[in-house]
Structure formats: structure tokens, C-alpha cells
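A.B. asks: Numbering (this note's numbering), first residue to last: 56 to 242.
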Amino acid sequence: MKMEETTYETPPMLESDEAEEQELEMARDEGSALGRSLTHMIREVADDGDEAPVGEYLVGYAVEAAEGMYVCRDGKLTWQEPEEENVHLEISVRDGADGRFVPELKVQATLMDGDGHEIATHRQPFIWHPWLHHYGRNWTVPGDGSYMLRVRIEPPTFSRHDKLNGKRYAEAVEVVFHNVEIKAGKK
Numbered sequence: 056m057k058m059e060e061t062t063y064e065t066p067p068m069l070e071s072d073e074a075e076e077q078e079l080e081m082a083r084d085e086g087s088a089l090g091r092s093l094t095h096m097i098r099e100v101a102d103d104g105d106e107a108p109v110g111e112y113l114v115g116y117a118v119e120a121a122e123g124m125y126v127c128r129d130g131k132l133t134w135q136e137p138e139e140e141n142v143h144l145e146i147s148v149r150d151g152a153d154g155r156f157v158p159e160l161k162v163q164a165t166l167m168d169g170d171g172h173e174i175a176t177h178r179q180p181f182i183w184h185p186w187l188h189h190y191g192r193n194w195t196v197p198g199d200g201s202y203m204l205r206v207r208i209e210p211p212t213f214s215r216h217d218k219l220n221g222k223r224y225a226e227a228v229e230v231v232f233h234n235v236e237i238k239a240g241k242k
């Protein structure tokens, strides 16, 4: 297998005063649609990618050439092309029970070379995307090759509804993906 992980535990998905079975099914449908988009990104668009269960999440990654994006500067959106950066790293974090995107997370990624030497560690901020929201950023790597990727997710501080289902995401989790194939470049 390509990764080492924090132990996986499926979060609860029970009928409650906050969610009836039909509503839980709608949440699972939303997660299934996101899963199809993520699979498309990993298999058809990205140079490499994978997803693994970790903690109460499904954590995935996709790597592709560095790309331009809008950034907010002084209250205005400004288009920014990559400068030195040569790879775009995307991290997906989904709920382990229903597969929906988990927002408002502090996601940190570390890339290591094949010998385990750290290339860099960066916070992966939320990025709006037309069909696959994710946590990500452009990175600078030494070149094409096989890397290790460690992803750490801190427990979120947002409130959680539902006495039966809401006690989740209380622990930090980490996953390490091995043999992450990166092709350095720009779109």
C-alpha cells in the first residue's frame, strides 16, 4: 500500500433529531458525487493522486503542473501566475461516513525526497475550484521524481450539530503517501 496512516474509524451516521434517514441519504449522495469528481481528478487530470481513510476522514491528494489562480490582495481579486513554483499540490478532505467535503480545516503538507529528506512544509489553504474544492497551493520542487507526502490535519474549531453524530474530528490526524510521482512544470 502507498501510505502510512492514523487509525481509521468510521464516524457515526445515525438517524437523530437533526437528521432523518432521507436527509442522511442526501448527504451520502452529495459525498458520492464529490467522490466521483475526486476520482476523475486523480485518474484523468492529475499526474498522480490517491485517497486513503485516516482518522474520521478520507484524505486524498492530486499533483499537477503549477497553475495560476486568483488571490485576494487589498480586498480585490488579482490573477497570479506561478513564479518559481513548478507543481500544484491539492489535498481533499472528506467525511469518512458520508464522503462530503470538510471545510474550515488547518491542513499542512510536507514533501520529502526519496531518501526522506524534507523539501518543504506548507499550510494548504482552501481553494475554490469550479468542480472540486480542495486545500492546495503551488510548490517548488527540485524536479521530476518520486516523493513522499505527509498530510497533517488539525482538529477543527467549528461547532458540530447533532448529539448522536456531531462528536467527530476531535483528534489531529496524519497520513503519509509514498511514491508520489511528480512532474515539475507550469500550466
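Quick reminder that beta carbons are idealized off the backbone N, C-alpha and C, glycines included.
(1) Would you give the residue range spanned by the alpha helix (DSSP H) that alanine 77 belongs to?
(2) Taking the CB atoms as reference points, tell me whether glycine 115 and glutamate 122 lie closer together than 8 Å.
(3) At which residues does the beta strand (DSSP E) containing asparagine 193 begin and terminate?
(4) Would you mind reading off the limits of the beta strand (DSSP E) that contains lysine 131?
(5) Helix, strand or coil for valine 157? Go by DSSP, reduced to three states.
(6) Answer yes or no: do glycine 191 and isoleucine 237 have a C-beta to C-beta separation smaller than 8 Å?
(7) Name the DSSP beta bridge partners of glutamate 145, please?
(8) Count the other CB atoms within 10 Å of the CB of leucine 89; is the residue buried (16 or more) or exposed (fewer)?
(9) When DSSP labels each residue in this structure, what does arginine 128 get in the three-state scheme?
(10) Give me the Cα-Cα distance between methionine 56 and aspartate 153, rounded to the nearest whole angstrom.
(11) One question on the structure: do histidine 189 and isoleucine 182 come within less than 8 Å of each other, judged by their Cβ atoms?
(12) Leaving out five residues before and five after histidine 143 in sequence, what residues of the same chain have Cβ atoms less than 6 Å from its Cβ?
(13) Return helix, strand or coil for arginine 205, following the three-state DSSP convention.
(14) Can you look up glutamate 99 in the DSSP assignment and give me helix, strand or coil?
C.D. replies: Let's see:
(1) Correcting the residue identity first, residue 77 is glutamine in this sequence and not alanine. DSSP places glutamine 77 inside the alpha helix (DSSP H), whose first and last residues are 76-95.
(2) Result no, Cβ atoms of glycine 115 and glutamate 122 do not sit closer than 8 Å.
(3) Per DSSP, asparagine 193 belongs to the beta strand (DSSP E) from 189-194.
(4) Looking at the DSSP string, the run of the beta strand (DSSP E) that includes lysine 131 is 131-135.
(5) In this structure, valine 157 counts as coil in the three-state DSSP scheme.
(6) Contact annotation: glycine 191 and isoleucine 237 have beta-carbon atoms that are not nearer than 8 Å.
(7) Bridge partners of glutamate 145: Ala117 and Gly191.
(8) Taking a 10 Å sphere around the C-beta of leucine 89, we find 16 or more other C-beta atoms and assign the residue as buried.
(9) Strand, per DSSP.
(10) Bear in mind that the predicted position of methionine 56 carries a pLDDT of just 36, short of 50, making it too unreliable to give a figure here.
(11) Result yes, Cβ atoms of histidine 189 and isoleucine 182 sit closer than 8 Å.
(12) Only Glu119, Ala121, Glu122 and Asn193 meet the Cβ criterion.
(13) Arginine 205 falls in the strand class under three-state DSSP.
(14) Helix.
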